[in-house]
Amino acid sequence: MQWTTDRRGFLTAAGAGFAAAAALPRFAWTAEGDTLRLRVTADFQVLDPFGIIGELDDIIPRCTNVTLVRLGDMREGNPLRNWAAETLEWIDGTRLAFTLREGLNWTGDYGPVTAADVKFSFERIAGSDSAWAYQFEKLKEVEVIDDRNGIIHLTEPFAPFTVIALPYYGGHIVCQKAVEAAGGSYTTDIPAQCGPYLMEAWEQNQKVTLVANPDWTGEKPSFARVEFYIVTDDQAAQLAFEADAFDFTRVNVGAAAQFKGAMPEGAALIEAASTRYAWLTINMNAEPLKDIRVRQAIQYAYDGEAVLAGAYDGLVQRSTGVVPPSSGYARAANLIATRDVEKARALLAEAGAEGIELNLYALTDGTSQTIAQIVQASLAEAGITVNIQPTEDAAYWALGDKTAGEGYKSIELVLMNFAGGIDPTENLVWFRPDQIGVYNWSFFDNAEYESLYQASMTEQDSDKRRAMFNRMEDLMEESGAFIFICFEPYLALHDATLVPVILADGHPDPVSFRLT
Amino acid sequence: MSCADETSLGARRGIGRALLADPMGLAGLVIVVLFLSMAVFAPWIAPYDPIALDVKAKFQTPSAAHWAGTDHLGRDLLSRIIWGARLALGIAITSVGIAGGLGLILGLVAGYGPRWLDGLLVLVFDSMSSLPMIFFALAVITVLGPGTATLILVIVLVSFPAYARLIRTQTLALAGADFILAERVMGAGTARILLRHLLPNVTGPLVILLCMDIPVVIMLEAGLSYLNLGVKPPAPSWGNMLSEGYNALRQAPHVVVVAGIPLVLATLGFTFLGEGLRDVLDPRGAGRRWG
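So the protein sequences, as listed, match chains A and B.
Residue numbers 1 to 516, in UniProt numbering, belong to the letters of the first sequence in order.
Residue numbers 1 to 291, in UniProt numbering, belong to the letters of the second sequence in order.
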């Protein structure tokens, strides 16, 4: 047989090929209707709730695993509802009884989700070196009554337990048998899943695909597939959104004015206050910063107004701590609320630290680099030379990690921002002494702070709690180890036909997304 | 003035005239002189301090006050371009100069030295040349940290083998020439032969190559700075300006356009000048032009 190809034949074959490809759902140009396409900024690293780090690490288990309760949209006040728990009731101040819903089953023939799985999931994290151990600090034990029933025992009354411990991070329930069979922990391969979605495919640093779990008996999600596209760059993501490559993406602050003027056709903008708090870490342990006068000089030289105008387009106010104003527990003002360059110079002279040179580490994104340059310029006015060290994501998170070497002891200045929780203790927990070498990169170690933290966990009176939180933030500022920048504005673009659900930490909840 | 000096001066005048007669070479020369002038006179001609912040004036479009507009921190873009020329050309000329000097010395030694040394040096040149430039640059920057000194080191390390190989080839070709043999017979030492006879004859092609490589280095510096791996902020690197402009591409497109213009012009200028020099220094071309 002789094979010949001419132009007409080629065009015919190519046309047929494209038509066939377009007819296949997985090759479709757009996936409206049954596929939700979300852009995320980074690939996941650890899916085991024990070692979750952030963003996709937590979004995926929200889809593939279950929690006893589930949070609603942050713009609606973070409403809490039962999820894996059919009922959840306080028996008294220290005992929380739960009954699991029927029909929750693990993949891989591991049977139903049981109260023993809940016990295993929570107790493996409580008291461990997991970053999420704080969620279960007041956990005494989980008592298993039968397969579906259990009682969570606390060491003392702690009402915020349901919002701190149960809805996310360490609160994801894992399959005891499957995890033990996997050696006690896992990273990127979930040994057993039970949520509304199952993980189907992972193209490293490109895309993660989830498909609806056919055995899921709970409330059906609106989309049969969820695709996460990993795009680090905000500009690229924005262009891709406009080219209909995603249905949802966060955008940078600078995009707000642009979109208010001309919104892309068929798109909607979410602009909301977020609980993500940004601050400048000043490491008290670093040699040049051991003198509090040097740290205070940095606090006085910092130009907060320029940072807000330059990096956040004036969309937000300066924060007074890490407790968001929306919580009702925020401080009224910073102790050093006004810039005073002369005082900064005087403090440096007094400390004999004129001409000091410091390294400032910041992530490479545009906002971080803009803040870094403004900090650099404002400190230069006081005679402090700042060398900006733009640092990629993985190297950045190793900076203050004691398991990554001795470097965490001597980092000097770091621009940081964390996703916030609902209860103020969730934001204040990172500055306790046991977090030094984990997330407390300032080496802030204050006995009064720790004692107030413990007291605030069990205090029921709102006014007393507020006073405690305010004092804790005073102590942070007085140490000279922190400059509070702001709570970052939340901006996202989405298909106007979608109703997105954004959780308190600023991450989307694909399970709850629906069409208008 | 000796007869030889007069001949040399005449030849240089001939090269100059030929370069000015070539439209491409002339255009390249004008652009290069313009950028060199910007680099040298930056402190006197830049209208503003290139790193002075004025965030209230961010993203201003070109106006009488700011001819090229302002960036995301309200810094005057024209001043940053002018100072950026000093940085870009400083890095490019320094690194290419060091690499050229190193290549010249090693090439002469390889071409005129003992065979075993030639073999060893060629092995070094080939090994260095086999490393992918960008990956090698990233590896060095990862180890030493980003910064101007690291950038120059990277450029020197990736550039000198090509120059050394060129000089070695030229030296090998000339080492057996009659006038070199005659010098040897007359008792001339190695140093005299290398410096008085080989060096003047091998530098022409090297100058052309160096000139052609300057835009490559400018682009490499801009590329690494764009990736936050080159010159550290707030230094007015054209690559940093592009990177910062890209973050506001939709909001203030003029920043990327303004930052891109000097890169394009400098690249074109040095390339045109290099092409022009090659034409006038090429012996076959010389015959056509000067005959």
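Built from N, CA and C at the ideal position, the CB exists for glycine as well.
Bear in mind that the values here come from a model prediction, so they are computed numbers and not experimental data.
- According to the DSSP assignment, V341(A) belongs to the alpha helix (DSSP H) that extends over V341 to E350.
- Spatial neighbours of P236(B) in its own chain (CB-CB distance under 6 Å, excluding positions within 5 residues in sequence) are listed in chain order as P50, R80, W83 and G84.
- A Cβ-Cβ distance of about 6 Å is found for the pair G111(B) and A175(B), placing them in contact under the 8 Å criterion.
- For N387(A), the nearest beta carbon of chain B is closer than 8 Å to its own beta carbon.
- Not a single C-beta of chain B is nearer than 8 Å to the C-beta of Q317(A).
- With a 10 Å radius around the Cβ and a threshold of 16 neighbouring Cβ atoms, E426(A) comes out buried.
- Listed as beta-bridge partners of R250(A) by DSSP are A492(A).
- Boundaries of the beta strand (DSSP E) around N82(A): L80 to N82.
- Put simply, the backbone Cα of T162(A) is about 44 Å away from that of V386(A).
- For P489(A), no CB of chain B lies under 8 Å from its own CB, so it is not counted at the interface with that chain.
- Taken through DSSP and simplified to helix, strand or coil, F487(A) comes out as strand.
- Within the same chain, F50 come within 8 Å of S128(A) by CB-CB distance, once the 5 residues on both sides are set aside.
- The shortest C-alpha to C-alpha distance from R432(A) to any of G407(A), A97(A), G77(A) and A133(A) is the one to A133(A).
- Counting only residues of its own chain and dropping the five nearest sequence neighbours on each side, A455(A) has a CB closer than 8 Å to the CB of M468.
- For L249(B), the chain A residues whose C-beta falls within less than 8 Å of its own C-beta are Q235, listed in chain order.
- Interface with chain A (8 Å Cβ-Cβ cutoff): H66(B) is excluded.
- Taken atom to atom, the span from the alpha-carbon of R250(A) to that of L491(A) is near 6 Å.
- Interface annotation, T249(A): not in contact with chain B, CB-CB separation never under 8 Å.
- Taking every protein chain shown into account, the CB of N440(A) has 16 or more other CB atoms within 10 angstroms, so this residue is buried.
- Cβ contact annotation for G328(A) (same chain, cutoff 8 Å, sequence separation greater than five): S462 and R466, in chain order.
- Secondary structure note for T142(B): its alpha helix (DSSP H) is the uninterrupted segment M133 to L144.
- L77(B) is positioned such that its CB atom lies closer than 8 Å to that of A68(B).
- Where Y197(A) is concerned, the enclosing beta strand (DSSP E) starts and stops at Y197 to E203.
- Comparing alpha carbon positions, the residue from L515(A), I502(A) and T516(A) closest to P79(A) is I502(A).
- The beta-carbon of G254(A) is placed less than 8 Å from the nearest beta-carbon of chain B.
- In terms of Cβ geometry, L47(A) and T188(A) form a close pair [threshold 8 Å].
- Listed in chain order, the positions of the segment 69 to 97 of chain B with a beta carbon within less than 7 Å of a beta carbon of chain A are H72 and L73.
- Here DSSP, grouped into helix, strand and coil, assigns W90(A) to strand.
- Bounds of the beta strand (DSSP E) holding Q389(A) are T385 to T391.
- One Cα belongs to Q193(A), the other to A131(A), and the distance between them is close to 23 Å.
- Per the C-alpha coordinates, the member of Y168(A), D393(A), N105(A) and I388(A) positioned closest to Q135(A) is Y168(A).
- Setting aside the 5 residues that flank it on each side, G195(A) is surrounded in the same chain by C63, T64, N65 and V66, each with a C-beta closer than 6 Å to its C-beta; the list follows chain order.
- In this chain, the beta strand (DSSP E) harbouring I230(A) covers R225 to I230.
- When DSSP states are grouped into helix, strand and coil, M38(B) belongs to the helix group.
- Taking each of A97(A), I270(A) and D445(A) in turn and checking the Cα distance to A481(A), the smallest one comes out for D445(A).
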